[in-house]
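K.L.:
Read in order, the letters of the sequence shown are residues 168 to 405 in the working numbering. Take this structure first; my questions come after.
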Amino acid sequence: MEKQAVVFGASGGIGGALVAQLAADPLIARIYAGSRRPGASADAKLVPFAFDLTDEASIAAAAAGLEGSVDLVFVATGMLHRAGGPSPEKALRALDGAAMAELFAVNAIGPALIAKHFAPMLPRDRRGVFAALSARVGSIADNRLGGWHSYRASKAALNMLMVNLAIELRRTHPQAVVAALHPGTVDTGLSAPFQRAVAPKKLFDADRSAGYLLGVLNHLSPKDSGGLFAWDGSRIPY
Numbered sequence: 168m169e170k171q172a173v174v175f176g177a178s179g180g181i182g183g184a185l186v187a188q189l190a191a192d193p194l195i196a197r198i199y200a201g202s203r204r205p206g207a208s209a210d211a212k213l214v215p216f217a218f219d220l221t222d223e224a225s226i227a228a229a230a231a232g233l234e235g236s237v238d239l240v241f242v243a244t245g246m247l248h249r250a251g252g253p254s255p256e257k258a259l260r261a262l263d264g265a266a267m268a269e270l271f272a273v274n275a276i277g278p279a280l281i282a283k284h285f286a287p288m289l290p291r292d293r294r295g296v297f298a299a300l301s302a303r304v305g306s307i308a309d310n311r312l313g314g315w316h317s318y319r320a321s322k323a324a325l326n327m328l329m330v331n332l333a334i335e336l337r338r339t340h341p342q343a344v345v346a347a348l349h350p351g352t353v354d355t356g357l358s359a360p361f362q363r364a365v366a367p368k369k370l371f372d373a374d375r376s377a378g379y380l381l382g383v384l385n386h387l388s389p390k391d392s393g394g395l396f397a398w399d400g401s402r403i404p405y
């Protein structure tokens, strides 16, 4: 059976790597690749589309443009801090309301709106996957250092939304898998200012991280739905 996938954030490091690896999969017949400014693609499998995480109408329009059910929806978007804006906060006194709201809009609200419009498109009669990039620092139970308040809180909110989605889909899509994923520290623009403290063997290129994440998803079952998983398949407590 031919399968379809949707990747949001296809122009990013991890998102682009995911699109490339999915395009190489003979079981995937079509990949809808979403970005803010999509370009034309020479690959017949790829269908570029435009969307804006802060504009629900653009997300709804993208859903309306799809044909049939979707076997994989992967939200590969995220923001650590605004370029040129405040760095991740080391203390509460550094909080900025506008910057915090922007991180929640990108890291939690945007993915939730994607779920609103795309999760119903997962197949009801077979396995389907809804995945979103989260982060280990979004785990409340695993928080030992504090700081990075806006990023941590927005990813924790995303994790809760994914749990809620998993519970809701069990009623209508019993074979669905919902997963929040920690990709490790990946050599992208998001992590670039913070890579000096990362051991070389723990800094992944985007292709390697994407391969790990797709491998994790391939091994998850409906009983795992709603979980937060690291790139190596280990479960991270919420």
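Quick reminder that beta carbons are idealized off the backbone N, C-alpha and C, glycines included. Predicted model only: the values in this text are computed from it and were never measured.
What residue range is occupied by the uninterrupted alpha helix (DSSP H) comprising V330?
P.N.:
Per DSSP, V330 belongs to the alpha helix (DSSP H) from 316-339.
K.L.:
Between the segment 242-251 and the segment 260-278, do at least 3 Cβ pairs fall closer than 8 Å?
P.N.:
Counting Cβ pairs under 8 Å, three or more are found: they touch.
K.L.:
If you draw a straight line from the C-alpha of H316 to the C-alpha of I276, how long is it?
P.N.:
Near 17 Å, if we compare the C-alpha coordinates of I276 and H316.
K.L.:
Tell me, please, which residues DSSP counts as bridged to R197.
P.N.:
Beta-bridge pairing links R197 to Q171.
K.L.:
Pick helix, strand or coil for V304, following the three-state DSSP scheme.
P.N.:
Three-state result, V304: helix.
K.L.:
Output needed for F218: all residues of its chain with C-beta closer than 6 Å, excluding positions within five of it in sequence on either side, in chain order.
P.N.:
Cβ neighbours of F218 beyond the five flanking positions: G201, S225, I226, A229.
K.L.:
Span of the beta strand (DSSP E) holding F285?
P.N.:
That residue, F285, is in no beta strand (DSSP E); its alpha helix (DSSP H) goes 277-285.
K.L.:
For L161, report the span of its alpha helix (DSSP H) as first-last.
P.N.:
The requested residue 161 does not occur in the structure, where the chain is confined to residues 168 to 405.
K.L.:
Could you tell me if T221 is buried or exposed, where buried requires 16 or more neighbouring beta carbons within 10 angstroms of its beta carbon?
P.N.:
Exposed: under 16 other Cβ atoms inside 10 Å.
K.L.:
Considering only the beta carbon of each residue, do I300 and L348 sit closer than 9 Å?
P.N.:
This sequence places Leu at residue 300; Ile is not what is there. A contact, by the Cβ cut-off of 9 Å.
K.L.:
Taking all protein chains shown into account, do 16 or more other C-beta atoms lie within 10 angstroms of the C-beta of G382, making it buried, or fewer, making it exposed?
P.N.:
Label assigned to G382: exposed.
K.L.:
DSSP three-state call for A185: helix, strand or coil?
P.N.:
It should be noted that the sequence gives Leu, not Ala, for residue 185. In the structure shown, L185 sits in a helix (DSSP, three-state: H, G or I).
K.L.:
Apply the 10 Å Cβ neighbour rule to K369 and answer buried if 16 or more other Cβ atoms are within range, or exposed otherwise.
P.N.:
Answer is exposed; the Cβ neighbour count stays below 16.
K.L.:
Would a check of beta-carbon distances place Q342 closer than 9 Å to chain C?
P.N.:
The chain inventory of the structure shown lacks chain C, comprising one protein chain alone.
K.L.:
Classify G206 as buried or exposed, calling it buried when 16 or more other Cβ atoms lie within 10 Å of its own Cβ.
P.N.:
Per the 10 Å Cβ criterion, exposed.
K.L.:
Out of V214, L259, S392, point me to the one whose CA is closest to L332's CA.
P.N.:
With distances taken between Cα atoms, L332 lies closest to S392.
K.L.:
Expressed to the nearest angstrom, what Euclidean distance is found between the alpha-carbon atoms of T414 and A243?
P.N.:
Here the chain has residues from 168 to 405 only, and residue 414 is not among them.
K.L.:
Go ahead and label E256 buried or exposed: buried means 16 or more other beta carbons lie within 10 angstroms of its beta carbon, across all protein chains shown.
P.N.:
Classification of E256: buried, given that the 10 Å Cβ count is 16 or more.
K.L.:
Could you tell me the boundaries of the beta strand (DSSP E) in which G394 lies?
P.N.:
Segment 394-397, the beta strand (DSSP E) holding G394.
K.L.:
Which residue from V296, D374, G245, A302 puts its Cα closest to that of A346?
P.N.:
Comparing Cα-Cα distances from A346 to each of V296, D374, G245, A302, the minimum goes to V296.
K.L.:
Which class does R402 belong to by DSSP, given the choice of helix, strand or coil?
P.N.:
Residue state, collapsed to three classes: strand.
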